[in-house]
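Everything on this sheet refers to the single structure shown next.
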DNA sequence: TAGTGGTCTAGACCACTTG
DNA sequence: AAGTGGTCTAGACCACTAC
């Protein structure tokens, strides 16, 4: 099926450019499982043909998804759906660390109530039922960060510790595998805080030592808020880079 | 003068794409003062004509400079050289603050010796002569951050407190006005640190309170390292966003 | 109305990868 | 050799701004 024709588009007051429609259709294809993680999309020429636009327009439509890390282009080979593993990876690690050196451990997964920040970020009312998932990040076996993640409880029924561990404690894998939801991380916000008792114990830093707090909202590719996460990490041995 | 011709480019083993050459020539034009801050570039069609490439290639060449904030496009009007004021602005302010609410105060400008980090970042040997410029950022009159900036001393002869104050304490203005050097900020690195005595006093936070440290390297548009800056800010009332 | 950027086309050729 | 993405062209028309 071709995209909206030129003449039809004239009538729509708030039409999207064709390349934005290409983007949307590719996203839809990914979320509906037409192309799985690591799989190749049809060639740009074939997509152009399928969508009824020129190849240049397809290219421009894919550009933004490549920039977001959803797609990966390999010259001479094709365009591939990025592996979900790469998606958060860097955000959870200090500068220079390799993903292979890191491990995630699930500490808790329980129902809770949305605090001020989480409620605002997720578009819920204050005190709404949320799922609070706490994980510990280790780098080369050494504790590096704690991550508190909040999602709306009613949207992710059935998520429990077992399912999270099945996905190697990678939440974006859970959202994708079980709910067909591809998310990308939004702009991080930074704070410096002091380590509390629990953080001190779990991260192996002195109480009242400085911790870097990185909070970010993960949204679906269509922009809907999905997951609010707050990471607290030590930066005495590592530097954090976005 | 046209860019390198197709046939000539064949012979060059490591040739750049035409759009990259367009970018370079526009940068050169800006740095040589052909188009000043706030001024309009020639239209894309005229640039295409002047550079001997198609308008699509000019457009692609300008895209990256627009993305970096060096140029600003206004539909129906033209493409303009961004005002230098916008360049760092956001990096020095907490989330939500408007540039108009902020003020910069010069605390010190003195010769010093490059520490480990600054030397590596600037590509100098350890202990090399540098200029250390310390400034205080206020938001709505209230102290928010301290910025230590390091530049190679021999490269910026004649920079002193007077000249910096003349540029409203904005260093990128100094580099541009007096040295024809346009810089863009690189990727920030984050740390959490504890406030020392001076920082505590100047920022009005408790000693041993948490501070967010944001270090970044500013480079010329051609990629050469220019300025290494380390910002330490309080995040008790503000959140920092990149 | 004239000039600008924004979008889009229908090709071309090149660089790269795999068989 | 065949197929892919990467670059580039020479136009076209639209949306917006200013005069």
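Protein chains in written order, with the working numbering: chain C, 62 to 303; chain Z, 62 to 303. For each residue, glycine too, the CB sits at the ideal point set by N, CA and C.
| Item | Value |
| --- | --- |
| Leaving out five residues on either side along the sequence, give the residues of the same chain with a beta carbon under 6 Å from the beta carbon of residue 121/Z. | 80 |
| Keeping to the same chain, check which residues put their C-beta closer than 8 Å to that of residue 229/Z; ignore five residues upstream and five downstream. | 165 |
| Hey, would you say residue 291/C sits closer than 9 Å to residue 296/Z, going by beta carbons? | no |
| Do the segment 180–196 of chain C and the segment 210–225 of chain C touch if we need at least three Cβ pairs shorter than 8 Å? | yes |
| Between the segment 264–286 of chain C and chain Z, which residues of the former have CB atoms less than 9 Å from a CB of the latter, in chain order? | 269, 270, 271, 272, 273, 274, 275, 276 |
| Taking the CB atoms as reference points, tell me whether residue 277/Z and residue 88/Z lie closer together than 9 Å. | no |
| Mapping DSSP to helix, strand and coil, what is residue 284/Z? | coil |
| Considering just the uninterrupted stretch of the alpha helix (DSSP H) at residue 24/Z, what are its terminal residues? | Limits of chain Z in this structure are 62 at one end and 303 at the other, which puts residue 24/Z out of reach. |
| Mind checking who residue 196/C pairs with in its DSSP beta bridge? | 167/C, 208/C |
| Would you kindly check if the distance between the Cβ of residue 101/Z and the Cβ of residue 138/Z is under 9 Å? | yes |
| Looking at the unbroken alpha helix (DSSP H) that takes in residue 139/Z, where does it start and where does it end? | First-last for residue 139/Z: 139–142, but that is the beta strand (DSSP E), not the alpha helix (DSSP H). |
| Using a Cβ cut-off of 7 Å, pull out every chain C residue sitting near residue 166/Z, in sequence order please. | Per Cβ cutoff of 7 Å: no residues; residue 166/Z is ~22 Å from chain C at best. |
| Under 7 Å Cβ-Cβ, which residues of chain Z neighbour residue 254/C? | 271 |
| I'd like to know whether the C-beta of residue 240/C is nearer than 9 Å to at least one C-beta of chain Z. | no |
| Mapping the DSSP letters down to three states, classify residue 227/Z as helix, strand or coil. | helix |
| Report, in whole angstroms, the separation of the C-beta atoms of residue 256/C and residue 266/C, which I expect to be a contact under 8 Å. | 5 Å |
| Applying a beta-carbon distance threshold of less than 8 Å, which residues of chain C neighbour residue 205/Z? | Here the premise fails: no neighbours, minimum Cβ distance about 13 Å. |
| Check the DSSP bridge columns for residue 203/C and list the partner residues they point to. | 200/C |
| Please work out which residues of its chain come closer than 8 Å, Cβ to Cβ, to residue 103/Z, disregarding the five sequence neighbours upstream and downstream, and give them in chain order. | 111 |
| Among 118/Z, 206/Z, 285/Z, which one has its Cα closest to the Cα of residue 182/Z? | 285/Z |
| In whole angstroms, give me the CA-to-CA distance for residue 167/C and residue 92/Z. | 53 Å |
| Listed in chain order, which residues of the segment 71–105 of chain Z have Cβ atoms closer than 9 Å to some Cβ of chain C? | none |
| From the DSSP secondary-structure annotation, give me the bridge partner or partners of residue 190/Z. | 174/Z |
| Could you tell me whether the Cβ atoms of residue 301/C and residue 251/Z are closer together than 9 Å? | yes |
| Look up residue 250/C in the DSSP assignment and give the residues it is bridged to. | 276/C, 302/Z |
| When we look at the beta-carbon of residue 275/C and count the other beta-carbons within 10 Å, is it buried (16 or more) or exposed? | buried |
| Expressed to the nearest angstrom, what Euclidean distance is found between the alpha-carbon atoms of residue 105/C and residue 196/Z? | 51 Å |
| I'd like to know if residue 142/C contacts chain Z, where contact means its C-beta is closer than 9 Å to some C-beta of that chain. | no |
| Excluding the 5 residues flanking residue 280/C on each side, which residues of the same chain have their C-beta closer than 7 Å to its C-beta? | 244, 245, 247, 286, 287 |
| Got a sec? Which residues, its chain only, sit under 6 Å from residue 273/C by beta carbon, not counting five neighbours each side? | 294, 296, 301 |
| Is the Cβ-Cβ distance between residue 207/Z and residue 129/Z less than 9 Å? | no |
| Any Cβ of chain Z within less than 9 Å of the Cβ of residue 200/C? | no |
| Within the same chain, show all residues whose beta-carbon is closer than 7 Å to that of residue 235/C, passing over the 5 residues directly before and after it, in chain order. | 220, 224, 225, 228 |
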